[in-house]
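In the numbering used here, the protein residues as written are 28 to 597. Ideal Cβ positions, reconstructed from N, Cα and C, are used throughout, including at glycine. Note that the coordinates shown come from a computational prediction; the quantities given were computed from them, not determined experimentally. These notes are about the structure you will find just below.
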Amino acid sequence: MSDNNEAGDSTEATVGRGWRLWLVLILLLLVAMGITARMLSLYVEDQAFLQTQGDERTLRTVQVPAHRGIITDRNGEPLAVSAPVATIWADPKMMDLQHVNIAKLAILLKSNKQKLTAKLSANRAKRFLYLQRQGTPELAEKVRALRIPGVHVDREYKRYYPAAEVTTHLVGFTNLDGKGQEGLELAYEDWLKAEPGKQLVMKDRLGRTIKHVREVKSAQHGNNIELSIDLRLQYLAYRELKAAVKAHKADGGSLVMLDVKTGEVLAMVNQPSYNPNDPRQRVSSALRNRALTDTFEPGSTVKPMTVAAALMSGQYTPDTLVDTSPGYLRVKRKTIRDHRNYGEIDVSTIITKSSNVGVTKLTMSLPEGSVRNLYHNVGLGQATGIGFPGESSGYLPYLNKRQVVERATLSYGYGLSVTPLQLAQSYLALANDGVMSPVNLIRQKEAGKPVRVMPASVAQDVRVMMETVISSKGTGRRAAVPGYRVAGKTGTVHKVGRGGYIDDQYMSTFAGLAPVSNPRLVTVVMIDNPKGQEYYGGEVAAPVFSRAMGGALRLLNVPPDNWPDVNKQL
Numbered sequence: 028m029s030d031n032n033e034a035g036d037s038t039e040a041t042v043g044r045g046w047r048l049w050l051v052l053i054l055l056l057l058v059a060m061g062i063t064a065r066m067l068s069l070y071v072e073d074q075a076f077l078q079t080q081g082d083e084r085t086l087r088t089v090q091v092p093a094h095r096g097i098i099t100d101r102n103g104e105p106l107a108v109s110a111p112v113a114t115i116w117a118d119p120k121m122m123d124l125q126h127v128n129i130a131k132l133a134i135l136l137k138s139n140k141q142k143l144t145a146k147l148s149a150n151r152a153k154r155f156l157y158l159q160r161q162g163t164p165e166l167a168e169k170v171r172a173l174r175i176p177g178v179h180v181d182r183e184y185k186r187y188y189p190a191a192e193v194t195t196h197l198v199g200f201t202n203l204d205g206k207g208q209e210g211l212e213l214a215y216e217d218w219l220k221a222e223p224g225k226q227l228v229m230k231d232r233l234g235r236t237i238k239h240v241r242e243v244k245s246a247q248h249g250n251n252i253e254l255s256i257d258l259r260l261q262y263l264a265y266r267e268l269k270a271a272v273k274a275h276k277a278d279g280g281s282l283v284m285l286d287v288k289t290g291e292v293l294a295m296v297n298q299p300s301y302n303p304n305d306p307r308q309r310v311s312s313a314l315r316n317r318a319l320t321d322t323f324e325p326g327s328t329v330k331p332m333t334v335a336a337a338l339m340s341g342q343y344t345p346d347t348l349v350d351t352s353p354g355y356l357r358v359k360r361k362t363i364r365d366h367r368n369y370g371e372i373d374v375s376t377i378i379t380k381s382s383n384v385g386v387t388k389l390t391m392s393l394p395e396g397s398v399r400n401l402y403h404n405v406g407l408g409q410a411t412g413i414g415f416p417g418e419s420s421g422y423l424p425y426l427n428k429r430q431v432v433e434r435a436t437l438s439y440g441y442g443l444s445v446t447p448l449q450l451a452q453s454y455l456a457l458a459n460d461g462v463m464s465p466v467n468l469i470r471q472k473e474a475g476k477p478v479r480v481m482p483a484s485v486a487q488d489v490r491v492m493m494e495t496v497i498s499s500k501g502t503g504r505r506a507a508v509p510g511y512r513v514a515g516k517t518g519t520v521h522k523v524g525r526g527g528y529i530d531d532q533y534m535s536t537f538a539g540l541a542p543v544s545n546p547r548l549v550t551v552v553m554i555d556n557p558k559g560q561e562y563y564g565g566e567v568a569a570p571v572f573s574r575a576m577g578g579a580l581r582l583l584n585v586p587p588d589n590w591p592d593v594n595k596q597l
């Protein structure tokens, strides 16, 4: 019995173990089938999703920097360029604040470890934090060499101005993000600006680029601009104006030089100036381009236009006599005076001596709108259309019959306001035989359409009259240029304050052209409030004109037209 029982127990145990083994095998088979089904599901149905999720953890779209357009002078000399610099930034979430090189990084960033770690800790939740912008390429290499996880170096561009303060009022400057803020940088922002590209790259877990996959968007570099100015003449004009403002302790000054035939601006400088490469020098008092934004009463510099209007009327010739005795003239309640009694003088001498009484008598004998209309036709009291931000239009009043005093003062440059550029533009008509070309700051392949504003004979007669101003008998003797015939006109007016004219503050001006036989250049010099013993335009502004014009004519190889005749001397 016992043997049979043992045999039965053994059979039951074997059956029990077999059943459990099959159960385990079935379970394992089910698990394997489940895993296989899941793998098939992931591979077939979720492959695209998983691939995208994986790529998002390794592929990144990064920005490809593009440089802003270059600004050059008419000869290709760079005035504004974009230099490559480094932007150092951090991903605070990825950074190990206990990294052995954190202290070295702080030193490179001109900080200390405590400040740097405190800054990173405060922004721990962020994924982007600037550490330094516009760093040098050398600094970038040193930061890369530290190999700190979460610290990255990207390339961008910084605007640099090689001519610095010499051209800053024209060119302007950009902000830290490369957007124009002043001058032509602002005016031509859409033309100069760059469009960064995009590139797909693969990065490792530390954020380092290990492979460039493909270009998503091409970088579009900015367009270049070629200005009309000649940097050689710009340097010359800047040097002479700065020296004069300093010597006369003036508040400021402007100089504008134009090409007679094309109307292009060859030089435009102002004082005070500033270095656009140093943001600390960008103070409000130095930023504006005074030659375009500041207005003043032109004074006697517009008397040639009044005389031109008289000649155009047909009532006068250069030899017509005008009685200026006794040296003053009463117009209603205002007394208009000359420096002395010039007696009976011809129209040409009115210009030579700058007679207020003479031009007033000419004006009063003309139809009411004659002088004002000519002023308007030569561009006074209206914007030049040069496209510069903040350009002032000046002021040229409309006068009715009863405004007799205003008509009189308008004839010798009071009661209107102009910019130095407008005054220079008006002299183009006198220099170019009565024809004016549009004024431009951008170099033109072809001259703009000229406009005739006075007969050629009138412009030529007035030029000859203005040449007497530079003679020993005139008020602009110090504007003479050795070897060249020069024509011009001085101007000295009281500055206008809140309560009217200020007795002891002046605007000293000289406007002229050369050479008279075949005019090439027009130049206007304005000195604001000279504080020395000299303040007349012929004493303060005329010498600056002489040096700037003389240097420019020689640099441009303009043939002299007043060279001594050696044969006659022999």
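Top-ranked residue by Cα proximity to residue i, from the options
{"i": "L124", "options": "V386, I175, Y301", "result": "I175"}
{"i": "V549", "options": "N556, A538, K558, G559", "result": "A538"}
{"i": "T194", "options": "Q159, T163, L260", "result": "L260"}
{"i": "K522", "options": "E433, K558, V466", "result": "K558"}
{"i": "R360", "options": "P424, Q342, T436", "result": "T436"}
{"i": "A277", "options": "P591, G249, Y563, N589", "result": "Y563"}
{"i": "L605", "options": "M121, G440, G417, Y369", "result": "In this structure the chain extends from 28 to 597, so residue 605 is not present and cannot be described."}
{"i": "P92", "options": "Q471, S498, A110", "result": "A110"}
{"i": "V520", "options": "A514, V513, D530, Y511", "result": "D530"}
{"i": "D118", "options": "S397, N150, D100", "result": "N150"}
{"i": "S255", "options": "T289, A274, H275", "result": "T289"}
{"i": "S438", "options": "E473, V386, P477", "result": "V386"}
{"i": "L314", "options": "V296, A145, S327", "result": "V296"}
{"i": "A541", "options": "N556, K516, H275, N368", "result": "K516"}
{"i": "R160", "options": "Q298, T114, N250, D286", "result": "T114"}
{"i": "L393", "options": "I378, H366, L338", "result": "L338"}
{"i": "V112", "options": "E165, N584, G565", "result": "E165"}
{"i": "I469", "options": "L211, G578, R399", "result": "L211"}
Distance, residue j Cα to residue i Cα
{"i": "S535", "j": "I554", "result": "5 angstroms"}
{"i": "E222", "j": "P189", "result": "24 angstroms"}
{"i": "V272", "j": "K142", "result": "47 angstroms"}
{"i": "S381", "j": "G103", "result": "43 angstroms"}
{"i": "A184", "j": "L135", "result": "Ala is not the amino acid found at residue 184; the sequence shown has Tyr there. Taking the straight line joining both Cα atoms gives about 20 angstroms."}
{"i": "R182", "j": "G162", "result": "9 angstroms"}
{"i": "V432", "j": "V292", "result": "36 angstroms"}
{"i": "N302", "j": "R186", "result": "13 angstroms"}
{"i": "I363", "j": "V384", "result": "6 angstroms"}
{"i": "S444", "j": "G518", "result": "13 angstroms"}
{"i": "G45", "j": "L52", "result": "10 angstroms"}
{"i": "K169", "j": "A145", "result": "22 angstroms"}
{"i": "N594", "j": "P325", "result": "The predicted model places N594 with a pLDDT of 49, which falls under 50 and marks its position as unreliable, so this point remains unresolved."}
{"i": "G527", "j": "G442", "result": "12 angstroms"}
{"i": "H403", "j": "A167", "result": "58 angstroms"}
{"i": "H126", "j": "S138", "result": "16 angstroms"}
{"i": "Q596", "j": "P587", "result": "At Q596 the pLDDT is 47, less than 50, meaning the model places this residue with poor confidence; the figure from the coordinates comes in the next sentence. C-alpha separation (whole angstroms): 18 angstroms."}
{"i": "G396", "j": "L426", "result": "8 angstroms"}
Outcome for residue i when other beta-carbon atoms lying within 10 angstroms are tallied against a minimum of 16
{"i": "I62", "result": "exposed"}
{"i": "D488", "result": "buried"}
{"i": "M60", "result": "exposed"}
{"i": "L54", "result": "exposed"}
{"i": "F155", "result": "exposed"}
{"i": "P306", "result": "exposed"}
{"i": "R525", "result": "exposed"}
{"i": "R512", "result": "buried"}
{"i": "N316", "result": "buried"}
{"i": "E209", "result": "buried"}
{"i": "M284", "result": "buried"}
{"i": "K220", "result": "buried"}
{"i": "S464", "result": "buried"}
{"i": "M122", "result": "buried"}
{"i": "N556", "result": "buried"}
{"i": "K388", "result": "buried"}
Integer-rounded CB distance, given that residue j should sit under 8 angstroms from residue i
{"i": "W116", "j": "H196", "result": "At roughly 35 angstroms, the Cβ-Cβ gap does not stay under 8 angstroms, so W116 and H196 are not in contact."}
{"i": "S281", "j": "A336", "result": "Between A336 and S281 the Cβ distance is about 26 angstroms, and since that is not below 8 angstroms, they are no contact."}
{"i": "G406", "j": "S420", "result": "In fact, because the Cβ distance is near 10 angstroms, the residues do not count as touching under 8 angstroms."}
{"i": "A191", "j": "A575", "result": "No, A191 and A575 are not in contact; Cβ-Cβ is about 20 angstroms, not under 8 angstroms."}
{"i": "A458", "j": "V480", "result": "That belief does not hold up - the Cβ atoms of A458 and V480 are roughly 12 angstroms apart, past 8 angstroms."}
{"i": "E216", "j": "K225", "result": "The pair is not a contact, with the Cβ atoms about 22 angstroms apart (cut-off 8 angstroms)."}
Q | At least three beta-carbon pairs within less than 8 angstroms, the region 334-350 to the region 364-381 | A | yes
(Q) Three Cβ pairs or more, each shorter than 8 angstroms: is that satisfied between the region 489-497 and the region 327-336? (A) yes
Q: Determine, using beta-carbon pairs with one atom in the region 350-358 and one in the region 413-425, whether at least three such pairs fall under 8 angstroms.
A: no
Q.
For the pair the region 503-513 and the region 566-581, tell me if three or more CB-CB distances fall below 8 angstroms.
A. yes
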